[in-house]
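Residue numbers (my numbering): 32 to 222. Glycine is no exception: its CB is placed at the ideal position from the N, C-alpha and C atoms. Structure record follows, encoded as structure tokens.
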Ligand SMILES: [Zn+2]
Ligand SMILES: [Zn+2]
């Protein structure tokens, strides 16, 4: 059986598709030009590493991967490139992990409309999906304005289990697999 539409929202584990990378680079370049920003070599390199990552990736991991390919960079350079990529909207930041992932809606019209996304972040495999849900923001705006609060919500982050991991869990429901015992406790530096 092929992947269900909900599953394809989440990237499959393993190295990401190179053809998809070319497409993403192309799209990012167009967006940079539209926004009058320069898609420099460094920004491209950083964007590439983020796009190739399965889940989200931290700044130091990006630095390490670029170093592995022969380019030594100062952390500040990577941070500046990340800022530019965030500003262009081609990547997003997961606040819970202080890590970055490529916008998965680059190829859709939704992106152009600038609608705010809901980030669904898998606690098991780290995959992140992006779904459209203006309704959530409408509710936040309504509840906040009822108490004269002006919210500035750009996205909402939800952690949980992605369809791939849920399926894996269901098929290997051996008693050894204690529910609640999350294997990948990847919360490096909680503030
Ligand atoms: Zn996005
Ligand atoms: Zn998962």
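For a test of the three-state rule: what should DSSP assign to residue i, helix, strand or coil?
{"i": "residue 179", "result": "coil"}
{"i": "residue 42", "result": "coil"}
{"i": "residue 127", "result": "coil"}
{"i": "residue 151", "result": "strand"}
Taking the alpha-carbon positions, what's the residue i to residue j distance?
{"i": "residue 146", "j": "residue 105", "result": "34 Å"}
{"i": "residue 178", "j": "residue 169", "result": "15 Å"}
{"i": "residue 162", "j": "residue 203", "result": "28 Å"}
{"i": "residue 191", "j": "residue 154", "result": "6 Å"}
{"i": "residue 61", "j": "residue 156", "result": "31 Å"}
{"i": "residue 65", "j": "residue 123", "result": "18 Å"}
{"i": "residue 107", "j": "residue 75", "result": "16 Å"}
{"i": "residue 41", "j": "residue 102", "result": "30 Å"}
Looking at the unbroken alpha helix (DSSP H) that takes in residue i, where does it start and where does it end?
{"i": "residue 135", "result": "That residue, residue 135, is in no alpha helix (DSSP H); it is neither H nor E in DSSP."}
{"i": "residue 52", "result": "49-65"}
{"i": "residue 95", "result": "90-99"}
Measure how close the beta-carbons of residue i and residue j come, nearest whole angstrom, since I'm counting them as under 8 Å.
{"i": "residue 86", "j": "residue 158", "result": "5 Å"}
{"i": "residue 68", "j": "residue 115", "result": "6 Å"}
How would you label residue i, buried or exposed, when you count the other beta carbons within 10 angstroms and need 16 or more for buried?
{"i": "residue 143", "result": "Confidence at residue 143 is low in this model, with a pLDDT of 47, below 50, so its placement is unreliable and the value that follows should be read with caution. With fewer than 16 Cβ atoms within 10 Å of its Cβ, residue 143 is classed as exposed."}
{"i": "residue 117", "result": "exposed"}
{"i": "residue 135", "result": "buried"}
{"i": "residue 79", "result": "buried"}
Start and end of the beta strand (DSSP E) containing residue i?
{"i": "residue 6", "result": "The structure shown does not extend to residue 6, since the chain spans only 32 to 222, so no value can be given for it."}
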